[in-house]
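**Student:**
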Amino acid sequence: NAGVMQNPRHLVRRRGQEARLRCSPMKGHSHVYWYRQLPEEGLKFMVYLQKENIIDESGMPKERFSAEFPKEGPSILRIQQVVRGDSAAYFCASSPRPEAGELFFGEGSRLTVL
Amino acid sequence: QKEVEQDPGPLSVPEGAIVSLNCTYSNSAFQYFMWYRQYSRKGPELLMYTYSSGNKEDGRFTAQVDKSSKYISLFIRDSQPSDSATYLCAMTSYGNNRLAFGKGNQVVVIP
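Note that the protein sequences, when read in sequence, are chains A and B. In case it helps, our numbering puts the first sequence at residues 58 to 171. In case it helps, our numbering puts the second sequence at residues 827 to 937.
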C-alpha cells in the first residue's frame with residue numbers, strides 16, 4: 058500500500074523561475090494538505106484541498122503561490138517567480154479522517170532557490 | 827504566546843535510557859494530539875495519536891496528555907540508536923483543517 062508520493066524530491070530553481078511540486082495521496086484518501094518547513098522551524102500549514110476544491114488556503118502567501126487538486130492526477134503546489142526565501146521543504150499529507158487531524162506525510166520536496 | 831511550545835534543544839542520551847519529551851499548548855480546544863518522528867531529510871512519520879486526556883502505549887513508546895495542564899509528553903523506553911531523530915508534537919481540534927506543530931526536539935541516542 059503506497060504512501061503519500063511526492064515529486065520531485067529535490068528541485069533547484071533560479072530567482073524568478075517557477076516551481077511545481079506534485080503530490081499523490083494515499084490510496085483511498087481524497088483530502089490533501091500542503092505544509093512548509095523552513096530550517097529550524099516547525100511545519101506550517103499552507104492549504105487543504107479535496108478533489109477539485111480548495112477548502113482552506115488561509116496559510117498560503119497571498120501572492121505567487123497557488124494549489125490545485127484536479128479530478129484526475131496529483132495535487133500541484135505552484136510557486137511563481139521564486140525568491141530565495143521560498144527555499145524550504147514542502148510536505149504533502151493525506152488523511153483518512155480529516156475531521157480528526159490524522160495526517161500521513163510524504164517524504165517532501167526540497168526546493169532550493171539560487 | 828505561541829500556540830504550541832516545544833523546547834528544541836538537542837537531547838543526547840545513552841543507549842537504553844528513557845527519553846522524555848514534552849510540549850505545552852495554549853488552545854484549550856485542542857483534543858487530538860500527535861507525535862511525529864522525522865529522520866534527517868525525510869518526511870514526518872506518525873508515531874503516536876491520542877484523543878483527549880490519558881495515556882497510550884505502543885511498544886517502547888508512551889504518550890501522555892494532560893488537558894488540564896495543557897501539557898503532553900512522549901516517553902521512549904530502552905532507547906536505541908535508531909531512535910535518533912527529531913520528534914515533533916502536533917495537535918488540533920475537531921473539524922480544524924490544520925495541525926499546530928511544535929518546532930521539534932532533536933534526540934541523539936549514543937551507543
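The beta-carbon is built from N, C-alpha and C at its ideal position, and this holds for glycine as well.
1. Between which two residues does the beta strand (DSSP E) holding S132/A run?
2. Suppose the cutoff is 8 angstroms on Cβ atoms and the five residues either side in sequence are ignored; what does the same chain contact list for S919/B look like?
3. Using C-beta distances below 8 angstroms, list every residue in its chain close to Q864/B, excluding the 5 sequence neighbours before and after it, in chain order.
4. Pick from L171/A, L106/A, R70/A and E164/A: whose alpha carbon is nearest that of N64/A?
5. Of the residues A145/A, R77/A and M83/A, which one's Cα is nearest the Cα of F162/A?
6. Starting from T918/B, find everything on chain A with Cβ-Cβ shorter than 7 angstroms and list it in chain order.
7. By a C-beta neighbour count over all protein chains shown, 10 Å radius and 16 as the cutoff for buried, is Q107/A buried or exposed?
8. According to DSSP, M117/A sits in a beta bridge with which residue or residues?
9. Whole angstroms is fine: what's the gap from P840/B's alpha carbon to Q832/B's?
10. What are the boundary residues of the beta strand (DSSP E) that P840/B is part of?
11. Verify whether the separation of the beta carbon atoms of V104/A and A124/A is less than 9 angstroms.
12. Mind checking if L134/A is an interface residue toward chain B, Cβ cutoff 9 angstroms exclusive?
13. Output the boundary residues of the beta strand (DSSP E) element that contains R70/A.
14. Alpha carbon to alpha carbon, how far is E121/A from T888/B?
15. Identify the contact partners of K868/B in chain A, using a Cβ-Cβ distance below 8 angstroms as the criterion.
16. Looking at the C-beta of K108/A, does it have a partner C-beta in chain B at a distance below 9 angstroms?
17. Look at the alpha carbon of T876/B and the alpha carbon of G842/B, and state the distance between them as a whole number of angstroms.
**Tutor:** Checking against the coordinates, here is how it stands:
1. S132 to I136
2. N853, A855, F856, Q857 and Y858
3. P870, E871, A911, T912, Y913, L914 and G930
4. E164/A
5. M83/A
6. G158
7. exposed
8. Looking at the DSSP assignment, M117/A forms no beta bridge with any residue, so it has no partner.
9. 22 angstroms
10. L837 to P840
11. yes
12. no
13. H67 to R70
14. The sequence as given places Arg at residue 121/A; Glu does not occur at that position. Straight-line Cα distance between these residues: approximately 42 angstroms.
15. E164 and G165
16. no
17. 25 angstroms
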